[in-house]
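J.: Take the sequence shown: its position 42, counted from the start at 1, is 497 in the numbering used here, and no numbers get skipped. Beta carbons: idealized from backbone N, C-alpha and C, even for Gly. Only a predicted model underlies this, so the values are computations on that prediction, with no experimental measurement involved.
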Amino acid sequence: MAGIDEFEAMIERDEAAFRQLMTYYECAIMEIKTKLQVFDAEFQLRHDRNPIESICWRLKSPESIAEKLQRKDLPVSLESIERNLFDIAGVRVVCALPEDAYSLARSLVVQDDVTLIDRRDYIASPKQSGYRSLHIIVEIPIFLEREKRPMKVEVQLRSIAQNFWASLDHQLQYKKDLDAEEEASIIAELKELSDAAAALDERMQAIRHRIFRD
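1. To which residues of the same chain is I484 closer than 7 Å at the C-beta, ignoring the five residues directly before and after it?
2. Do L648 and R613 have their beta-carbon atoms positioned less than 8 Å apart in this structure?
3. Determine the extent of the alpha helix (DSSP H) in which E602 is found, giving its start and end residues.
4. By the three-class DSSP mapping on this structure, what secondary structure does L529 have?
5. Please classify R665 as buried or exposed, where buried requires at least 16 neighbouring CB atoms within 10 angstroms.
6. In whole angstroms, what is the alpha-carbon distance linking E470 and I520?
7. Count the CB pairs spanning the stretch 551-561 and the stretch 500-518 that are closer than 8 Å, and state whether there are at least three.
8. Using the C-alpha atoms, what's the distance from P581 back to Q611?
9. Closest to S622 by C-alpha separation, out of A653, Y586, E594 and Y577, would be which residue?
10. Thinking R604 and Y480 are a contact (beta carbons under 8 Å), I'd like their distance in whole angstroms, please.
11. Are the Cβ atoms of L559 and F473 separated by less than 8 Å?
12. Where does A496 land, buried or exposed, given buried means 16+ other C-beta within 10 angstroms?
13. May I ask you to report which of helix, strand or coil DSSP gives A661?
14. Mind checking K527: buried by the 16 CB within 10 Å criterion, or exposed?
15. For A556 and S532, what's the separation of their Cα atoms in angstroms?
16. Around the Cβ of N539, are there at least 16 other Cβ atoms within 10 angstroms (buried) or fewer (exposed)?
17. Measuring alpha carbon to alpha carbon, tell me which residue in C482, Q617 and E461 is nearest E600.
18. Under a three-way DSSP split, which group does M456 fall into?
19. Does DSSP put Y557 in a helix, a strand or coil?
20. DSSP three-state label for Q611, please.
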C-alpha cells in the first residue's frame with residue numbers, strides 16, 4: 456500500500472520532476488480554459504448571450520494524490536500518477552442552465568485535438584445524495600519546447616442551481632456532531648432541495664426557449 460511517507464520520500468527524491476509534472480497539468484488546464492472561453496465568446500456573438508457564468512480550476516494537492524494512490528493500491532511514482540489518476544487537473548464550469556453544460560461538453564469533445572476518456576452524467580442520473588453535474592475526462596496535448604505531450608483533465612459542468620446546491624452540500628458534510636436521526640432528516644431534505652433545483656432549471660430553460668427560440 457502506498458503511504459504518505461513513501462510519497463513524501465518520492466517528492467523529496469524527484470522534487471524537480473514532480474514540479475514539472477504539475478506544471479504540465481497547469482498547461483493542460485490553460486488549454487481547456489482557452490477553448491471554453493472561445494466557445495463562450497462565439498456563442499455571445501451568435502446568440503447574444505453567454506452560456507458560461509464562471510470557470511474555476513485546481514490541481515490536486517500532494518496530500519490528496521498520496522491518499523488516492525493509497526486507496527487504489529497504486530505504485531508511488533510519477534509514471535503511476537500520470538497513468539492512473541485522471542483528476543489531477545480539474546476545471547469546473549458553471550453554466551446558466553443544464554443544456555449549456557451539455558452544449559459546451561459536446562463542443563469540447565468534438566475538437567480534433569481533444570480525446571474523450573470518460574463521461575459520467577450525474578445530471579441525467581443524479582447521485583443518491585442529489586448531486587448533479589456532468590463530468591468528463593479529456594486528454595489534450597500541450598506543446599512544449601521540444602515535444603507535444605498529452606495530458607488528462609477532468610472537466611465538471613453544472614448549472615448555477617446545481618453549483619449552489621453542491622457548494623452548500625460540501626460545506627455541510629463537515630458538520631459531524633449530529634445524531635443519526637437529525638443527519639437522516641437533513642440528508643432527505645437536501646435530496647428534496649436538489650429535486651427542487653432541477654425543477655427550477657427545467658422551468659428556466661422553458662422560459663429561455665420561449666424568449667430566444669434558438
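T.: Straight from the coordinates:
1. In the sequence shown, residue 484 corresponds to position 29, counting from 1. If we look at I484 and ignore the five residues flanking it on each side, its Cβ neighbours are W512, A544, V546 and V608.
2. Residue numbering aside, residue 613 sits at position 158 when the sequence shown is read from its first letter. Residue numbering aside, residue 648 sits at position 193 when the sequence shown is read from its first letter. It is not a contact, given that the beta carbons lie outside the stated cut-off.
3. The sequence position of residue 602 within the sequence shown is 147, counting from 1. Premise fails: E602 is in no alpha helix (DSSP H) and is neither H nor E.
4. As a working mapping, residue 529 is identified with position 74 in the sequence shown. Three-state result, L529: coil.
5. To locate residue 665, count along the sequence shown from 1; it is residue 210. Under this definition R665 is an exposed residue.
6. Along the sequence shown, read from residue 1 onward, the residue named residue 470 stands at position 15. Along the sequence shown, read from residue 1 onward, the residue named residue 520 stands at position 65. Approximately 15 Å between the Cα atoms of the pair.
7. yes
8. In the sequence shown, counting from the first residue as 1, residue 611 sits at position 156. In the sequence shown, counting from the first residue as 1, residue 581 sits at position 126. When rounded, the distance between both Cα atoms is 14 Å.
9. The residue given as residue 622 occupies position 167 in the sequence shown. Of the candidates A653, Y586, E594 and Y577, the one whose C-alpha sits nearest the C-alpha of S622 is Y586.
10. The residue labelled residue 604 in the question sits at position 149 within the sequence shown. The residue labelled residue 480 in the question sits at position 25 within the sequence shown. Between Y480 and R604 the Cβ distance is about 11 Å, and since that is not below 8 Å, they are no contact.
11. Position 104 of the sequence shown holds residue 559. Position 18 of the sequence shown holds residue 473. Result no, Cβ atoms of L559 and F473 do not sit closer than 8 Å.
12. Mapped onto the sequence shown, residue 496 falls at position 41. A496 should be labelled exposed.
13. Locating residue 661 in the sequence shown gives position 206, where the first residue counts as 1. Correct three-state label for A661: helix.
14. Looking up residue 527 in the sequence shown gives position 72. Under this definition K527 is an exposed residue.
15. Position 101 of the sequence shown, counted from the start, is the residue given in the question as residue 556. Position 77 of the sequence shown, counted from the start, is the residue given in the question as residue 532. Cα to Cα, A556 sits roughly 35 Å from S532.
16. Numbered from its first residue, the sequence shown carries residue 539 at position 84. Burial call: exposed.
17. Position 145 of the sequence shown, counting from 1, holds the residue named residue 600. E600 has its Cα closest to that of C482, out of C482, Q617 and E461.
18. Your numbering for residue 456 matches position 1 in the sequence shown. Below a pLDDT of 50, predicted positions are generally treated as unreliable, and M456, at 46, falls in that range; the measurement from the model is reported next regardless. Coil at M456, not helix or strand.
19. As a first step, residue 557 is located in the sequence shown; it is residue number 102 there, counting from the start. Note: Y557 maps to helix in three-state DSSP.
20. Taking the sequence shown and counting its residues from 1, the one referred to as residue 611 is at position 156. Strand.
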